[in-house]
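Visitor: Please find one structure pasted underneath; my questions will follow.
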Amino acid sequence: MTSGAVRRRPGAIPPDAAGADVPVGRPPRWLLVVALVVTVAVTVDLLGGGVLERMDLRVSEVVSAWDLKDSAAYWPVWAVTQLGGRGFILIVLAGLVGYLGWRFRTVVPLVRVLLALVLLTVVVYSFKYGTGRTAPAYPGSFFHRDGASYPSGHVANAVLMWGVARWQVVEYRLAAWVQRTARALSVAGPVATGVAMVSLDFHWVTDAVVGAAVGILLLGVVHLLDAVVMSRWVSARAGRSTA
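Positions 41 to 283 (my numbering) are the ones given, in order, by the sequence shown.
Given below as structure tokens:
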């Protein structure tokens with residue numbers, strides 16, 4: 041005969057507490073609205089040859105004069121861009137997801153990462169090939185079928201995937217230093233990636249800005265799908281009611 045208390049593994053989230061609090065890293069509604077407005081407004085301005093396109097051209101002229109591509113600073117700055125590189129982030133996430141899957145006997149973190157990756161690929165490349173914006177390496181900003189600069193996939197990737205990583209390490213209550221590292225990467229990663237990409241003249245400023253906005257929107261979508269679909273699936277597997 042027991043007292044009715046249920047022992048849980050260290051770090052596990054109580055089933056009844058799921059959804060009780062807002063998940064860490066889920067963008068608030070106001071931020072999602074701002075991200076949507078920025079995405080639409082910047083896109084319309086660029087397609088219409090507005091003031092933001094002229095701003096991009098002026099910034100690119102300044103950056104080109106720095107000539108970082110042919111300097112000793114190139115490789116260190118390039119390394120910073122990899123904070124938003126899909127390869128580097130997926131290596132980190134593979135280790136994280138593998139550990140969580142083994143430690144807590146769950147595939148939820150893996151499914152979340154795969155969902156984020158699919159959404160990122162579909163949405164970002166639809167934008168890229170839909171707008172067809174050329175990169176700063178071209179003599180000017182143009183929109184044609186050979187362009188694939190807008191928005192920055194590296195920045196969108198950094199916002200979304202580091203955001204998902206932070207979500208996992210906090211939800212599963214990993215060590216405090218891991219949570220602090222994930223939090224720092226979720227904020228500094230996208231910023232550093234965007235600055236580095238623009239500094240090397242790989243992207244326009246607006247590419248980086250809208251890349252961040254798209255990443256925020258996609259992070260919100262992943263959280264929504266997780267709440268609507270994933271939580272019901274996990275509850276069903278556990279034999280709990282989803283009402």
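C-beta atoms are modelled at their ideal positions from N, C-alpha and C, and glycine is treated no differently. All values reported here derive from a predicted model rather than from experimental measurement.
Assign Arg145 to buried or exposed, taking buried as 16 or more other Cβ atoms, counted over all protein chains shown, within 10 Å of its Cβ.
Guide: Flag for Arg145 reads exposed.
Visitor: Going by DSSP, name the residue or residues bridged to Phe144.
Guide: Paired residues: none, contrary to the question.
Visitor: By how many angstroms is the C-alpha of Ala232 removed from the C-alpha of Met95?
Guide: 20 Å
Visitor: To the nearest angstrom, report how far apart Thr42 and Trp142 are at their CA atoms.
Guide: At Thr42, the pLDDT of 42 sits below 50, so the modelled position is not reliable; the number obtained from the coordinates is stated separately. Roughly 29 Å between the two C-alpha positions.
Visitor: Name the DSSP beta bridge partners of Phe183, please?
Guide: Paired residues: Arg173.
Visitor: Is it buried or exposed for Val268, if we count other Cβ within 10 angstroms and need 16 for buried?
Guide: exposed
Visitor: Which word fits Val164, buried or exposed, when buried means at least 16 other C-beta atoms lie within 10 angstroms of its C-beta?
Guide: buried
Visitor: Under 8 Å, with one C-beta from each stretch per pair, do the region 246–259 and the region 190–198 reach the 3-pair mark?
Guide: yes
Visitor: Hey, Leu92 and Thr246: beta-carbon distance below 8 Å or not?
Guide: yes
Visitor: Could you work out which residue in Ala196, Lys168, Gly187 and Gly170 is closest to Leu157 when comparing CA atoms only?
Guide: Looking only at Ala196, Lys168, Gly187 and Gly170, the smallest Cα-Cα distance to Leu157 is reached by Ala196.
Visitor: Check the C-beta distance from Arg213 over to Ser226 and give it rounded, since I have them as a contact under 8 Å.
Guide: About 17 Å; that fails the 8 Å criterion.
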